[in-house]
Each structure stands twice: as C-alpha cells, then as structure tokens.
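Chemist: Just so you know, the sequences run in chain order A and B. Residue numbering for the first sequence follows our numbering, beginning at 1 and increasing consecutively. Residue numbering for the second sequence follows our numbering, beginning at 1001 and increasing consecutively. Here a beta-carbon is modelled for each residue, glycine too, at the ideal position from N, C-alpha and C.
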Amino acid sequence: MNEVFAALAAQPDHRPWPRREVDEAMWDALAQQLAAGEITLLGLWGEPGMVHMALLDAENAVAVASLACVGGRFPSVARHHPPAIRLERTIHDLYGLEAIGAPDPRPWLDHGRWPSRKTSGGYAFLPSLGQGLHQIPVGPVHAGIIEPGHFRFTACGEAVVRLEERLGYAHKGVESLMAGAALDRAGFFAARLSGDSTVACSLSFSRAVEAALHFEPPPRGNWVRALMAELERLANHFGDIGGVCNDAAFALMLAHCSVLRERVLRACDVCFGHRMMMDVIIPGGLKADLNPEAPAVLRDLVATLRAAFPPLIELYENTASLQDRTAGAGVLSPALARQFGCGGFVGRASGRAFDARRDLAYPPYDRLKFDVPTLAEGDVNARVWLRIREVEQSLGLIDQILAAMPPGRFFTEPPSGGGEGLALVEGFRGDILAWVRLAPDGKIDRCHMRDPSWFQWPLIEAAIEGNIVADFPLLNKSFNCSYSGHDL
Amino acid sequence: MRKILLQTLLKDPLTEARPADDDPEFVELSRKLKQGVDRRFGRSLAIRQVDAGSCNGCELEIHALNNPFYDLERFGFKFVASPRHADLLLVTGPVTFNMREALQRTYDATPGPKWVVSVGACALDGGLYAGSYACAGGVSGVLPVDLHIPGCPPAPISLIKGMVALIEKS
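(1) Determine the DSSP secondary structure at residue 1040 of chain B, reduced to helix, strand or coil.
(2) Contact defined as beta carbons within less than 8 Å: I believe residue 22 of chain A pairs with residue 67 of chain A. What is the distance between those atoms, to the nearest angstrom?
(3) Look at the alpha carbon of residue 10 of chain A and the alpha carbon of residue 53 of chain A, and state the distance between them as a whole number of angstroms.
(4) CB residue 341 of chain A to CB residue 41 of chain A, shorter than 8 Å?
(5) Leaving out the 5 sequence neighbours to the left and right, which residues in its chain are closer than 6 Å to residue 35 of chain A when beta-carbon positions are compared?
(6) For the ligand ATP, is there any heavy atom lying closer than 7 Å to the beta carbon of residue 144 of chain A?
(7) Keeping to the same chain, check which residues put their C-beta closer than 6 Å to that of residue 480 of chain A; ignore five residues upstream and five downstream.
(8) Can we say the stretch 156–168 of chain A touches the stretch 402–421 of chain A, given the rule of at least three CB pairs closer than 8 Å?
(9) Between the beta-carbon of residue 1041 of chain B and the beta-carbon of residue 1093 of chain B, is there less than 8 Å?
(10) Would you say residue 522 of chain A lies against chain B (beta-carbon separation less than 8 Å)?
(11) Is it buried or exposed for residue 1168 of chain B, if we count other Cβ within 10 angstroms and need 16 for buried?
(12) Apart from the five residues on each side of it in sequence, which residues of its chain come closer than 6 Å, Cβ to Cβ, to residue 56 of chain A?
(13) Under the DSSP definition of a beta bridge, which residues are partnered with residue 1078 of chain B?
(14) Just to confirm, is the Cβ distance from residue 1097 of chain B to residue 1135 of chain B under 8 Å?
(15) In terms of residues, what are the limits of the beta strand (DSSP E) holding residue 1118 of chain B?
(16) What is the rounded straight-line gap between the Cα of residue 290 of chain A and the Cα of residue 274 of chain A?
(17) For residue 401 of chain A, count neighbouring C-beta atoms within 10 Å of its own C-beta (all shown protein chains included) and say buried if the count is 16 or more, exposed if not.
(18) Can you check which of these residues, A/103, A/422, A/445, is closest to residue 19 of chain A by C-alpha distance?
(19) Give a yes or no on whether the minimum CB-CB distance between residue 1124 of chain B and chain A is below 8 Å.
(20) Using the beta-carbon count (16 or more within 10 Å), is residue 1161 of chain B buried or exposed?
(21) Counting only beta-carbon atoms, is residue 448 of chain A nearer than 8 Å to chain B?
(22) Give the interface partners of residue 170 of chain A over in chain B, defined as CB-CB distance under 9 Å, in chain order.
(23) Can you grab the Cα-Cα spacing for the pair residue 356 of chain A / residue 431 of chain A, in whole Å?
(24) Anyone know if the C-beta pair for residue 229 of chain A and residue 203 of chain A falls short of 8 Å?
(25) Residue 111 of chain A touches chain B at which residues, Cβ-Cβ below 7 Å?
(26) Considering only DSSP beta bridges, list what residue 1148 of chain B is partnered with.
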C-alpha cells in the first residue's frame, strides 16, 4: 500500500482493517496506484457528503480510504481506473456526489423513474459505426426464467461488434432502506441482496457487524456458518454447470445436475428449516442450531453426490458437441480479470488466484484444508471446470466440518454500542464486501454491500467481442452474474 | 453418455417414485392439477415468468419446478419465451419503478384470456421493500392479480399448490 497513506492516522473505531481519511491529492494518488495495478479496488461507495474506497494490496492487506466531498464533488477514480466507472455513476445516482473528470457521466441505476427524484430519463447507448451493423435490443424481460436487465448488441452478421449492458432494473433502494434500521431488520435486506447467495450475504453482513461491535460468535456458530456456505456453493455450482450445458442445448446435463441441486436443497431444508437457508445467519451466530439429524443427513448427501457427480464430469468431458461450444468461447483475458479485481470462478478461471476463504481467512477456514483451483484459459469451458473443481473442494470441506464441528453455544448476544466494520466473505460467485457503521444505539447508520458481480458484469462486454450472438446465453450463464446483487 | 442414458432407462424415474415415497400431499396435488389443467385449459397452460425486481430467490424455486422431481411440464404447464405465447404471467418482486413499464408492456402483449399470479412476499405488497423510493410495491398495484402465492421464496410444492388453487378458482 502507499506508504504515505499507510502512515496516516486510522479512524479509531473501524475494524478489523484500518479506515483513513484522506485529502483529494491522496485520493488521486491511490487512484493512480489502482491504475498501475499495484493495488486492487475492492469497493467504492458513497454516503451523503463522503466517498469511500476499499483497497487490497499485493500482500492481501486491506484498507479503506475516505474522502469528504467538498461541494459535493470528488476526483474521479474512473478516469484513471475503468473498473470504477459504474460505481461512480451509482454514487452520483444515489447520493448526488459528482466525480470530477469521470469518463462516463451517464446515470446508471437511476432510469429517471423514481417519483421522488425525477431526472430526465433519457439514455444514450454508445454508438457503433460501420457498414452493415445492426442493433439487437434484448430485455429487460428475457426469454428464460431470469432476472431483468437490458443488453444492447451491435452485430455484424452474426458476430458481436459491441455489447452494452444496461442494468438497474432490480434497484430496490436497499441502502436507503437499511439506513436507520435495527440489526434484525437490516439483516433481512442483507439476506435478500442476491437470493442465490443469501448465506454468503448474511455472513458478510454479520461479520461486518461483529467487527464493528468488536466481538466474535461462539466457535460452533462459525463452523455451522461455513457448513452452510459450502452447501450453498454446491447447490449453485450444480445449478450453473447444468445451466451452462443447457444453454449449449445439452439438456441431459441440466436434468442430472438439477437433481443434485434439489438433493442439496432438500437436505438444507431438513437441517436448517429452509431450502435456501435464508435468515439463519445473524450477527452473533445463528438464529437456530442445526437439526440433530443434520450430520447423518449431510453425510448421506455427500456420499450421494460423490457417487453421482463423477459420471457427469465424464459426460461433460467426453461430449465433443458440448466441448465444441464451451472450449474457446467467451474468453476473458487474465489481464482484465486482474485489472477489475474480478473474484470467484470467473476470476480464477482467468488466472486470478484470489479466494477470501484463504487469502483473508476467517474462521473456521483458517483451520480447514482446501485448494483454490485456478485456470488460465478464461473461456466458458474453464469456468465450467472451475466449478467442477470447487464442487470437489466443497465436498471435502463439508467432510472436515462435520468431523471437527465443536459442540456448544451457537449464538452470542451482540453487545450494545456503535462502531464501523468491514467484512469480505467468499460467496459462490466471489468475494462479497459488507461495510457497516452502527450508530451508538446499535441501529444501522450506513451499510454498503458490494456484490462480486460489480467487477464481473463489465467483463462480459469484453468477453463477448468477436463471438456470435447465439453464444451470448452460454457466455452469460458461465459468468452467472447477479442482477439483484448489483442493482441494490 | 450411452452409459448414463442406459442407466436412466433402467432406473425408475425420480418423478414418480420420489413424491409417492415421502410426500403423499404432492401426489394428491399433482392429480388435482392435472385434472384442472385438462378441464379448464385444454390440457395445456403456457406460463411467462416476469421478474419485477426480485432478489432471484423466487426464480430459483420456479426453476426447480422444471427439475425431474417436480417436472411441471407433465401436467401441461409450459414456460414460454414470449408473452405472446402465454396464458399466465407469473410475476415476482416488489415491482421496482425501473421495471413497472416493462411489466405493464409484457401484460399488454399477452393475449386474452389471461391470468396473473404474483409470487413471493415482495410481489404481494412490496414486502420488505414497501415504502422504498424505488418500488411501486406489489403487483396488484399495476396489474389485476388473480392469485397470490406466498412465501419467501415459496418452495416448489407451494408453487404447485398455488397453481391448483388457480385452477379451482377459475
């Protein structure tokens, strides 16, 4: 990290990593360091009168830089570092703060339809000029059972010349609803940031609150949380592997993988009382302990999955018509994955070996053995293989957790008081950042949650270039970004 | 692949065996549903799902209806890609203002007679998001809703129950 920045006094009540207030010159210097690739952007968010950015350096040290916005303005990070573009547009939409020198001044989440703050609503897509180009508008209502978003393709024949995403259709105003909410109510919003990652989102939120209040849940709480996180990862990876193959018209794989996914969800229902394990993780630990039958149910589940999955891997590997679609399609270059600090299987399939469970280890992962599989090819095929490898790792982790899970209490009442906390948790899609500031009465003053999709969505625009329009669903599913998590 | 296909042929289908084994309720619902669809909708009902700003939890469970355990298509229900092919709109989410027009236009593009089913706590009245500056709050504020299926998210079995209720009502 920047030495001058590191020498600045840290805010006294921000944990576990330091938050330092900087001036405009230092803010700009950090932006240039981001652009030079010396540090990675973990998040950039606003609140009335202030902007914050979370940074990660090469030694996996984390810090937050905060800048008071004099006159409602701050120097643009995006003018040096493109991954910040959409984040700055969002800060302007939600808090009215203007990024000076920003390369793209268009609104992002604000479509000009919020009755309380009517803006013009006009939106100009980026132009593509050339002979024989045509545009294909897709969404926000799509053909499948998926979330809303708009994709504007410019194609030359079948080849995509430019894809421009327009998101924000699922914007629900989560940050404003969380501000002033009591912890339990705020937790409901965190659990629904992105429903498929409800466990990881609740975990990230809870860990941020626990950091702010400077306490840890009891050990059993941590172990059960990790068990849930791995089950969620399994369910989603099975769904995704089947989904990607289905988008290559190989429905057999979807049928088999959706059976495995359903088995995981049914086991979760027995163990935690909810198929997706929503609202089980709360600050202080868990709302309820595991069902006493859980260890047996989960051992059965793991055995079933271990028996059923290898033939499916073989099926994937040996079906030439399927490989023909996935291998070499939608390549994301390692350079872009690194520049965007792209997490999860998308980043790791393009050589960025970052996993918050290992690199910013939180309990109980510091006591568990697992690999972080990484590939360099960056194509759809690599993203499928990454998930396959991660399924194997998660099965191993569940074994270890079941064997070593300590007995005892599963919940500690959070102490009263205020403070600031930051947490990064590895969801199935990548690292989820949560930042909270608690008021002295224990209510949420501010909470910002950054879904991993923020640093993955823009890369689809790059990865689709030169591919054919018909491969877009395949590519999109291989990324499987969250709309809701991104749209807030 | 041949081995997997062969095994699939030799094994009992999950769809029949599983619910009969451990879920008599499902079997009874399945029977009612099939009869209802046959009687009211000429044995086939086309569903268009619209996400009006959900957290995607409802979508995952709606997806599950297509897995071999629930296999909704055997009752004549089919998810279609365009509202122009649909008899029923299945709407999730608190209806964000950014999605309201798209939802209205999807409804307008659906030929009559048509039904609207709202799914999940948000779709009833905005749920948690009621009162947000960004949400219209509930599908019934925008479209005439024939039936609401509660849950957060509703489990697949609840979704099937909801379909049965719709058929008995209409």
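Modeler: Here's the rundown:
(1) Helix, per DSSP.
(2) Rounded, the Cβ-Cβ distance is 6 Å, consistent with contact.
(3) Distance between the alpha carbons of residue 10 of chain A and residue 53 of chain A: 14 Å.
(4) Yes, these two residues count as a Cβ contact at 8 Å.
(5) These residues qualify, in order along the chain: 80, 81.
(6) As presented, the structure is devoid of all ligands, the ligand ATP included, so that no description of it is given.
(7) Exclusion of the five residues before and after residue 480 of chain A leaves 240 as the residues of its chain whose Cβ lies within less than 6 Å of its Cβ.
(8) Using a Cβ-Cβ distance cut-off of 8 Å, the stretch 156–168 of chain A and the stretch 402–421 of chain A are not in contact, since fewer than three pairs of beta carbons, one from each stretch, lie closer than that value.
(9) Contact flag unset, no.
(10) No answer is possible for residue 522 of chain A: the residues shown for chain A start at 1 and end at 488.
(11) Label assigned to residue 1168 of chain B: exposed.
(12) For residue 56 of chain A, where only same-chain residues beyond five positions count, the Cβ hits under 6 Å are 40, 42, 62.
(13) BP columns for residue 1078 of chain B point to B/1046.
(14) Against a cut-off of 8 Å, the Cβ pair of residue 1135 of chain B and residue 1097 of chain B comes out as a contact.
(15) Residue 1118 of chain B: member of the beta strand (DSSP E) spanning 1115–1119, first to last residue.
(16) Just so you know, the alpha carbons of residue 290 of chain A and residue 274 of chain A end up roughly 12 Å apart.
(17) Around the beta-carbon of residue 401 of chain A, 16 or more other beta-carbon atoms lie within 10 Å, marking it buried.
(18) Measuring from the Cα of residue 19 of chain A, the nearest candidate turns out to be A/422.
(19) Chain A, which has no Cβ nearer than 8 Å to the Cβ of residue 1124 of chain B, makes this no.
(20) Per the 10 Å Cβ criterion, buried.
(21) Interface annotation, residue 448 of chain A: not in contact with chain B, CB-CB separation never under 8 Å.
(22) Within 9 Å Cβ-Cβ: 1051, 1052, 1053, 1054, 1055, 1056, 1093, 1096, 1098, 1099.
(23) Take the alpha-carbon of residue 356 of chain A and the one of residue 431 of chain A: they are about 6 Å apart.
(24) The criterion of a C-beta distance shorter than 8 Å is satisfied by residue 229 of chain A and residue 203 of chain A.
(25) Those within 7 Å of residue 111 of chain A in chain B are 1098.
(26) Its beta-bridge partners are B/1118.
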